[in-house]
Amino acid sequence: MSSFQRWAFGLTVPAALLTICLYVVPILQVLALSFTEPTFGLGNYVEMFGSAAIGRVVRTTMIVSAVTTVLTIVMSYAVAFALVHMRPAARRVALFMVMVPFWVSVLVRAFAWITILRRNGVLNSALVGSGAIAEPLELVYNQFGVIVGMVHYMMPFAILLLYANLSEIDPRIIQAARSLGARPVTIFTRVWLPLSLPGLAIASLFIVIFSLGFLVTPAILGAGRVLMVAEYISVQISSTLRWGVATALSTTLLLVVGLLVAVAARSPALRAAFEGGRR
Amino acid sequence: MAFLDIRTLRKAYGSAIALDGVDLSINEGEFVTLLGPSGSGKTTLLMSIAGFTRPDSGTILLDGADITGVDPEDRNFGLVFQGYALFPHLSVANNIAFPLRVRKWDKARIAARVDEVMKLVGLDKLAARKPRELSGGQQQRVAIGRALAFGPKILLLDEPLSALDRKLRDTMQRELKRLHQETGVTFVFVTHDQEEAYAMSDRIAVFQNGNIVQIGSPREIYRAPASRFVAGFLGGNNILSAQTDGAQLDLFGIRMPMPAAYDRTRHGDGAITVWVRPEDIALGDVAPGAVCFSVKVADVSFVGTSERVTVITADGQELSVLAPSAIARELTPGSTATCALLPSAIGFLARE
Ligand SMILES: Nc1ncnc2c1ncn2[C@@H]1O[C@H](COP(=O)(O)OP(=O)(O)O)[C@@H](O)[C@H]1O
Ligand SMILES: [Mg+2]
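As given, the protein sequences belong to chains A and B, one line each in that order.
Here the numbering used here is used: the first residue of the first sequence is 207, the next is one more, and so on.
Here the numbering used here is used: the first residue of the second sequence is 1270, the next is one more, and so on.
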């Protein structure tokens, strides 16, 4: 190691120590609780896999996460695709709009959706007022509301990830396809889509992992009626004080996420994404 | 009527004029090269022919039919890009099959044609490779094969060889010439390298600032550059000032009888501009009929087969001379030498 490299390495030491002391160790302690609380053994895991309530929570989490991911990816792809086709000036404005939500707290965004979606909210009033519907629709405090809020939260991330991937595709490849006689639909399915697989894989993985552990938006827009894993854990820890079950569930969630990343990292599409521009 | 007719094509990007009323007629089966310095509008013309650049005005006729507004995907022209633009996710065979699948050929016909094209461009053993597993020259062959696979009416090539090393470039030049002869397809080739243009073309169109300033066979253009720009751009000609009263020529302060190529109405009199090729000036030995003049040697540099000697004439003009090494080795900068020149080797430029 050159002295510069030693210095550079040395600069990472404080951050690494902080991470280990304040993050890794507490997490390991919490996870250890799942084997010791209230008694030593696998009792918490047995209870977890046997519990019908937890089964429902897991099912809700999987459905909401899957729907959120699919909707987010489809809509974000459309936006990212439009972004790469814009003139530079329009693109700057559009990218700015995409990033505006980053400056608004997730709490504020969730409550904003409630004012829009609740029974006498903005959307229902407009629809009833215009005579399109007679009775207000149930748009919030259910899975629909949670999914709306989550998709809205996830889209900027997915758009930026997909845009980074799409803007790397050489425009001459698209021109080549046209010169060879391909029409827009063919070019989309045979060229754009295969070349954006790495971006789609990364973005999907990101959204799935994010959704599985999402707390704030489902808690507010679901109002306890759409119970997902993170909220369930939070309730067990702070209200019912069943730390053993809560930590067992946390451990399982962590393992599932780790497994997803491991499987994804082996897929050729994602490997290509991690290798960067070399496709 | 020509096969491809380009009429007064104009294209401006803001204040930059890329094409300034270009006229060009190309015959079926011809190999035409667009030659010019970078930024002279070659790519713009090629992309207008391909359909990707919409000219501001002017028309492009193919076999008499106006195709100016036709989309690139409907033109059936092959296009080879600088940098190849292969489909990175498809194998060599699938890259070549792409235009055939798009045209909904049946499987057996596609397989047969892909085989044929891969043999044609010399890639038969690499069918399953991905583009990133190929060398630059091989990628080039895939790009050419893909553009030829569907039997295009015209093959357009934008500086396809500029990224290759010299040896590979020579090989690919011969390959392109062979492909042109074997397929009979009309080739329109863009380059800024005059030797490349000489080696392959039936005709060369020389570009300057969005205009074609001369068009003709390589030999015509080499022998009779039409302007000071062409004379200077091609072959590093010596561009010199001379004096004439119409009867005698005064070059480097030496009076000589007027060469036959001179035409007073076209070339004018008084102070005129002439050009002389570096290889037409002899150092030392004197051929019968040559005029001799003494010069001061400024620099000698080895250029491979011969030496390039830069000398200063008595009236202070700089002259580039190509001389055999045996002679040039004797010269040192600062020494004096004698040059000889046949008056018939002097070229005249039209008054501008
Ligand atoms: N897309 C473009 N936008 C702006 N200017 C351009 C564009 N394409 C070409 N030009 C300008 O047009 C002129 C001709 O360019 P080009 O046809 O690419 O030249 P060449 O291929 O001979 O190097 C140049 O001055 C260039 O800067
Ligand atoms: Mg160019």
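We put the CB at the ideal spot given by N, CA and C, even for glycine.
Please read all numbers here as calculations on a predicted model, not as lab measurements.
Would a check of beta-carbon distances place residue i closer than 9 Å to chain B?
{"i": "I379/A", "result": "yes"}
{"i": "G482/A", "result": "Note that G482/A scores a pLDDT of 46, beneath 50, so its modelled location is shaky and nothing firm can be said."}
{"i": "R293/A", "result": "no"}
{"i": "R485/A", "result": "Residue confidence is low: R485/A scores 39 on pLDDT, short of 50, so the model does not pin down where it sits. Its coordinate-derived value is still stated next. Yes, R485/A counts as interfacial toward chain B."}
{"i": "L401/A", "result": "yes"}
What is the residue span of the alpha helix (DSSP H) that residue i lies within?
{"i": "I353/A", "result": "Q349 to L372"}
{"i": "R1415/B", "result": "G1405 to A1418"}
{"i": "S1326/B", "result": "No alpha helix (DSSP H) holds S1326/B; the beta strand (DSSP E) holding it covers S1326 to L1331."}
{"i": "F215/A", "result": "S209 to T225"}
{"i": "Q381/A", "result": "P377 to S385"}
{"i": "N1363/B", "result": "V1361 to V1371"}
{"i": "P1487/B", "result": "P1487 to R1492"}
{"i": "V269/A", "result": "The sequence as given places Ile at residue 269/A; Val does not occur at that position. Here the alpha helix (DSSP H) through I269/A covers A258 to H291."}
{"i": "M1316/B", "result": "K1311 to A1319"}
{"i": "R389/A", "result": "R389/A -> no alpha helix (DSSP H), and no H or E assigned at all."}
{"i": "N330/A", "result": "V328 to G335"}
{"i": "A1500/B", "result": "R1497 to F1502"}
Interface residues of chain B around residue i at Cβ under 9 Å?
{"i": "L406/A", "result": "In chain order: nothing, as chain B lies at least about 13 Å away."}
Using beta carbons (cut-off 9 Å, strictly below), is residue i in contact with chain A?
{"i": "F1350/B", "result": "yes"}
{"i": "G1283/B", "result": "no"}
{"i": "T1601/B", "result": "no"}
{"i": "G1553/B", "result": "no"}
{"i": "R1415/B", "result": "yes"}
{"i": "R1382/B", "result": "no"}
{"i": "G1338/B", "result": "no"}
{"i": "N1480/B", "result": "no"}
{"i": "F1346/B", "result": "yes"}
{"i": "F1498/B", "result": "no"}
{"i": "F1419/B", "result": "yes"}
{"i": "E1428/B", "result": "no"}
Interface residues of chain A around residue i at Cβ under 7 Å?
{"i": "P1341/B", "result": "R384 and S385"}
{"i": "V1371/B", "result": "L386, G387, A388 and T392"}
{"i": "A1319/B", "result": "S385"}
Would you give the residue range spanned by the beta strand (DSSP E) that residue i belongs to?
{"i": "G1290/B", "result": "A1285 to I1295"}
{"i": "N1478/B", "result": "No beta strand (DSSP E) holds N1478/B; DSSP gives it neither H nor E."}
{"i": "F1300/B", "result": "F1300 to L1304"}
{"i": "K1623/B", "result": "Beyond the ends of chain B as shown, which are 1270 and 1621, falls residue 1623/B; an answer cannot be given."}
{"i": "V1633/B", "result": "Past the edges of chain B, shown from 1270 to 1621, lies residue 1633/B, and the structure says nothing about it."}
{"i": "M1387/B", "result": "No beta strand (DSSP E) holds M1387/B; the alpha helix (DSSP H) holding it covers K1376 to L1389."}
{"i": "R1524/B", "result": "I1523 to P1526"}
{"i": "L1552/B", "result": "I1550 to L1552"}
Listing by chain order, which chain B residues have their CB less than 8 Å from the CB of residue i?
{"i": "R477/A", "result": "The premise fails here: R477/A is roughly 13 Å from chain B at the closest Cβ pair, so nothing lies under 8 Å."}
Checking the sheet assignment: what are the DSSP bridge partners for residue i?
{"i": "S1510/B", "result": "T1542/B"}
{"i": "V1349/B", "result": "L1426/B"}
{"i": "R477/A", "result": "Its beta-bridge partners do not exist; DSSP assigns none."}
{"i": "G1515/B", "result": "In the DSSP output, where bridge partners are listed per residue, G1515/B has none listed."}
{"i": "G1308/B", "result": "According to DSSP, G1308/B bridges with nothing at all."}
{"i": "R1577/B", "result": "S1570/B and L1591/B"}
{"i": "G1616/B", "result": "W1544/B"}
{"i": "L1520/B", "result": "I1523/B"}
{"i": "A1334/B", "result": "L1331/B"}
List, in chain order, every chain B residue whose beta-carbon is nearer than 7 Å to that of residue i.
{"i": "V397/A", "result": "F1356"}
Name the chain A residues whose beta carbon is nearer than 9 Å to that of residue i?
{"i": "F1502/B", "result": "Those within 9 Å of F1502/B in chain A number zero; the least Cβ separation is about 28 Å."}
{"i": "R1546/B", "result": "Near R1546/B there are no residues of chain A at all, since even the closest Cβ is about 39 Å away, more than 9 Å."}
Give me the chain A residues within the contact set of residue i, using Cβ-Cβ distance strictly less than 8 Å, ordered along the chain.
{"i": "F1367/B", "result": "A383, L386, A388 and R396"}
{"i": "A1530/B", "result": "Near A1530/B there are no residues of chain A at all, since even the closest Cβ is about 45 Å away, more than 8 Å."}
Next item on the list: Could you pull out every unbroken beta strand (DSSP E) segment of at least 3 residues lying fully inside the segment 1581-1609 of chain B, listed in chain order?
Entry: DSSP runs (the beta strand (DSSP E)) wholly in the segment 1581-1609 of chain B: 1587-1592.
Note to self: So within the segment 1416-1468 of chain B, which uninterrupted alpha helix (DSSP H) runs reach at least 4 residues, ignoring any that extend past its ends?
What the structure shows: Within the segment 1416-1468 of chain B, complete alpha helix (DSSP H) segments of at least 4 residues are found at 1435-1452, given in chain order.
Margin query: Give the list of continuous alpha helix (DSSP H) stretches no shorter than 4 residues that lie fully inside the segment 399-449 of chain A.
Written below: For the segment 399-449 of chain A, the full-length alpha helix (DSSP H) segments reaching 4 residues or more read 403-418, 422-428 and 435-444 along the chain.
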